[in-house]
Amino acid sequence: MTTQAAAMVYPETDGMPLPDGEFQAPIYRKVVGTLEVHLADVPGAWVNGNTFIYYVEGNPRRSVSPDCYVVFNLSEAARYSLSIEANNTYLLWEVGKAPDFIMEIGSESTARADLGRKRDLYAELGVSEYWRYDSTGGDFYGEPLVGERLVDGEYRRFESRVENDGRVWGHSDALNLDLWWTEGELRFWDPVAGTWLLSQEEERAGRLAAEARLAEMEAELRRLRGE
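Count along the sequence shown starting at 1, add 1, and that's the number in the numbering used here.
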């Protein structure tokens, strides 16, 4: 690494708001949060979103910011000693690999780049799977949900299935999850556990409800004991 490259600053943010932040932010937070909960105990897994991936050492202008990305088999050195944990940035040459999964969330001002420039870049960087989610059902991407896998340097579509009630889903090999567009929302189904993944909010609500039930049972037990 040259002295100039070593001294280069790779900012966590450009200080600019999301182009369609009011529309996109709640969606990407839910997507990122749901996958964080699901992969929290998987060694070497990292989930992030709306942060910069720098892919040319020494050139901070060469960056891209996916709405959500997932990396597997991340080394401890890359996670804790390098850019990810310290600066919330992803320096491709330090991490040593591209994300395994990227999802973009459709919006009026970002759809064109998601379908063109970003798609080409992700293929060039070696991102194994690229998914696009359109909460409107197709206003931005022409379809509600589409996933692609990288084959010989080019993206090829996963098979998408459409249910009789209009729900659309496909399977992600990278995540080993089924992704569903249902009633305008994105849900993740774990085919191994046979359950829907919970968002951070749903997981927290369930935990609080369980704690409340336990407290009620303990109070009733004390009452029966005459305490």
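From the three backbone atoms N, C-alpha and C, an ideal C-beta is built for every residue, glycine too.
With contact counted as at least three CB pairs below 8 Å, one residue from each stretch, are the segment 96-105 and the segment 68-82 in contact?
-> The segment 96-105 vs the segment 68-82: in contact.
Supposed contact pair Leu-187 and Tyr-142 - C-beta distance, whole angstroms, cut 8 Å | The Cβ separation is near 13 Å, so there is no contact.
Please confirm if Pro-27 has its CB atom under 8 Å from at least one CB of chain D.
-> Judged by its chain identifiers, the structure shown contains no chain D, having just a single protein chain.
For Phe-102: DSSP bridge partner residues | Beta-bridge partners of Phe-102 (DSSP): Val-71, Glu-130.
Collapsed DSSP secondary structure at Gly-34 in the structure displayed | Of the three classes helix, strand and coil, the one that applies to Gly-34 here is helix, per DSSP.
Could you say if the segment 53-61 and the segment 189-201 meet the contact criterion of at least three C-beta pairs nearer than 8 Å?
-> Three or more Cβ pairs closer than 8 Å define a contact, and the segment 53-61 falls short of that threshold against the segment 189-201.
Would you kindly report the start and end of the unbroken beta strand (DSSP E) that includes Val-48?
-> Element bounds for Val-48: 47-49.
Assigned secondary structure, Tyr-55 (DSSP; H/G/I helix, E/B strand, else coil) | DSSP, reduced to helix, strand and coil, places Tyr-55 within a strand of the structure shown.
Answer yes or no: do Met-104 and Asp-68 have a C-beta to C-beta separation smaller than 8 Å?
-> Yes, the pair counts as a contact, with Cβ atoms nearer than the cut-off.
Three-way DSSP call (helix, strand, coil) for Arg-168 in this model | Arg-168 sits in coil when the DSSP states are folded into three classes, being neither helix nor strand.
Does the beta-carbon of Ser-110 have 16 or more other beta-carbons within 10 angstroms, so that it is buried, or is it exposed?
-> Exposed, by the Cβ-count rule.
Starting from Val-96 and walking both ways along the alpha helix (DSSP H), at which residues does that stretch end?
-> Its alpha helix (DSSP H) spans residues 93-96.
CB-CB under 6 Å to Trp-132, same chain, minus the five flanking residues each way: which ones, in chain order?
-> Excluding the 5 residues flanking it on each side, Trp-132 has same chain C-beta neighbours closer than 6 Å at Met-104, Gly-148, in chain order.
Tell me whether Glu-13 sits in a helix, a strand or coil according to DSSP, three-state version.
-> Three-state result, Glu-13: coil.
Residues near Phe-189 in its chain [Cβ-Cβ closer than 8 Å; skip 5 each side] | Only residues of its own chain outside the window of five on either side were considered, and among them Thr-35, Leu-36, His-39, Leu-176, Leu-178, Asp-179, Leu-180, Trp-181, Trp-197, Leu-198 have a CB closer than 8 Å to the CB of Phe-189, listed in chain order.
Is the CB-CB distance between Leu-151 and Gly-171 below 8 Å?
-> Leu-151 places its beta carbon 8 Å or farther from that of Gly-171.
Reducing DSSP to helix, strand and coil, say where Asp-115 ends up.
-> In this structure, Asp-115 counts as helix in the three-state DSSP scheme.
Keeping to the same chain, check which residues put their C-beta closer than 8 Å to that of Tyr-11; ignore five residues upstream and five downstream.
-> So the qualifying residues of the chain are Phe-53, Tyr-55, Pro-61, Ser-64, Ser-84, Asn-88, Thr-90, Leu-92.
Nearest neighbour of Val-43, chosen from Glu-228, Gly-127, Ser-76, Gly-138 [CA to CA] | Comparing C-alpha distances from Val-43 to each of Glu-228, Gly-127, Ser-76, Gly-138 shows the shortest one belongs to Ser-76.
Where the beta strand (DSSP E) through Phe-159 begins and ends | No beta strand (DSSP E) contains Phe-159, which DSSP labels as neither H nor E.
So what does DSSP say about Leu-187, is it helix, strand or coil?
-> Strand at Leu-187.
Would you list the one or two residues that DSSP bridges to Glu-149?
-> Residue pairing by DSSP places Glu-149 opposite Tyr-131, Arg-158 in a beta bridge.
Nearest candidate by alpha-carbon position, reference Glu-130, set Ala-26, Arg-157, Asp-115 = Nearest to Glu-130 by alpha-carbon distance, out of Ala-26, Arg-157, Asp-115, is Arg-157.
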